[in-house]
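Before any comments, here is the structure.
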Amino acid sequence: DTNISFPIYPVLRGSQHPITRNISNIVIYMGNGIIFNRKPGLKFQTILATSTSSALLEGPDYQLDSRLFFNPDPDVFVNPPIPLGAIVEGRMESYFKEKPQFQRSDFVSEVKDGKIVIFGDRELYVDPDKPIYEKRYQIILNAVDWLMGREDMINIRSRHLQESILDIAYYMHKNNLLWGDPAKKERRIKMEVKIIATLLPSLILIAVGGIKSLHRKRTKEFKNEEI
33 DTNISFPIYP VLRGSQHPIT RNISNIVIYM GNGIIFNRKP GLKFQTILAT
83 STSSALLEGP DYQLDSRLFF NPDPDVFVNP PIPLGAIVEG RMESYFKEKP
133 QFQRSDFVSE VKDGKIVIFG DRELYVDPDK PIYEKRYQII LNAVDWLMGR
183 EDMINIRSRH LQESILDIAY YMHKNNLLWG DPAKKERRIK MEVKIIATLL
233 PSLILIAVGG IKSLHRKRTK EFKNEEI
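Start counting at 1 in the sequence shown, then tack on 32, and there's your number in my numbering.
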């Protein structure tokens with residue numbers, strides 16, 4: 033048997049689609065990926081995925097190493113983003129199309145412009161163990177509102193789901209800066225922000241002062257030429 037480092041808590045990223053736009057802090061414990069078989073007549077759009085440093089472990093038989101919780105190996109996380117939420121649109125046939133008990137006049141066996149939203153794990157609506165993730169179930173509500181054409185409700189709800197762009201942890205997660213020593217990287221980022229915040233106003237004042245001085249000099253030279 034081989035123990036393989038597995039992303040115990042994959043942090044998911046949204047997309048530009050209304051259902052997952054402005055979405056952050058979405059975590060699924062051992063999420064299940066979604067694979068599209070490219071069936072003719074169907075369109076597949078990913079709306080929720082893992083990061084650009086992902087690991088994939090094929091089931092159903094695998095072992096989890098306890099070290100994964102404390103010392104994950106970056107060399108294992110080499111896969112591109114893995115879809116965990118998607119929209120499928122197009123021609124769809126009912127699974128019950130050939131079942132005798134459904135052969136009645138009001139049964140719809142096929143649609144040409146069907147839409148379904150798929151998520152790879154039920155944990156999106158299960159209460160999380162940390163308050164920071166407690167609003168992740170609202171993605172399900174977004175999906176329902178989108179299918180019903182109520183995007184105004186999505187816009188209202190999603191305003192409260194996005195993390196502040198000034199949050200260091202969110203910035204590191206968004207830019208894939210979590211490997212190595214996160215605490216050290218966070219201190220470095222904070223130091224860079226302090227240096228920029230200290231020097232930038234002075235540089236702006238110097239630049240503005242230089243421009244004004246140059247403008248006055250040119251104005252004075254122009255007046256002297258007229259005299």
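By construction, the Cβ of each residue, glycine as well, lies at the ideal position given by its N, Cα and C atoms.
Taking the alpha carbon of residue i as the point to measure from, which residue in the options has its own alpha carbon closest?
i      : options                           : result
Val143 : Lys129, Ile150, Ile236 and Gly152 : Lys129
Trp178 : Gly242, Lys131, Ile79 and Val108  : Ile79
Val120 : Pro50, Arg45 and Ile148           : Ile148
Asn72  : Glu125, Ala239 and Thr251         : Contrary to the premise, residue 72 reads as Pro rather than Asn in this sequence. Among Glu125, Ala239 and Thr251, the Cα nearest to that of Pro72 is on Glu125.
Pro50  : Glu90, Arg70, Ala118 and Thr82    : Ala118
Arg53  : Ile238, Ile186, Val140 and Gln135 : Ile186
Val59  : Arg136, Ile171 and Ser234         : Ile171
Met260 : Arg219, Lys131, Ala81 and Leu237  : Outside the displayed range of the chain (33 to 259) lies residue 260, so it cannot be described from this structure.
Going by DSSP, what residues sit across from residue i in a beta bridge?
i      : result
Leu151 : According to the sequence displayed, residue 151 carries Phe and not Leu. Gly117, per the DSSP bridge assignment.
Gln77  : Ile119
Leu44  : Ile58
Gly146 : Gly122
Ser86  : Asn111
Residue i and residue j: beta carbons closer than 8 Å?
i      : j      : result
Thr84  : Pro115 : no
Gly122 : Gly152 : no
Asn64  : Leu88  : no
Phe109 : Ser86  : yes
Exposed or buried, what is residue i when buried is set at 16 or more other beta-carbons lying within 10 Å of its beta-carbon?
i      : result
Asp184 : exposed
Ile188 : exposed
Ile66  : buried
Phe139 : exposed
Arg250 : exposed
Glu155 : buried
Ala239 : exposed
Arg70  : exposed
Ile243 : exposed
Ile55  : buried
Ala175 : buried
Gly46  : buried
Lys252 : exposed
Pro39  : In this prediction, Pro39 has a pLDDT of 47, which is less than 50 and means its spatial position is unreliable; nothing more can be read from the coordinates.
Leu246 : exposed
Arg220 : exposed
Could one say the Cβ of residue i lies closer than 8 Å to chain D's Cβ atoms, at least one of them?
i      : result
Gln133 : As a matter of chain content, chain D is missing from the structure shown, which is built from one protein chain.
Problem - Any beta strand (DSSP E) of 3 or more consecutive residues that is wholly inside the stretch 100 to 142 - result: 115 to 125
Problem - Contained beta strand (DSSP E) runs [length at least 3] in the stretch 213 to 249, N- to C-terminal order - result: none
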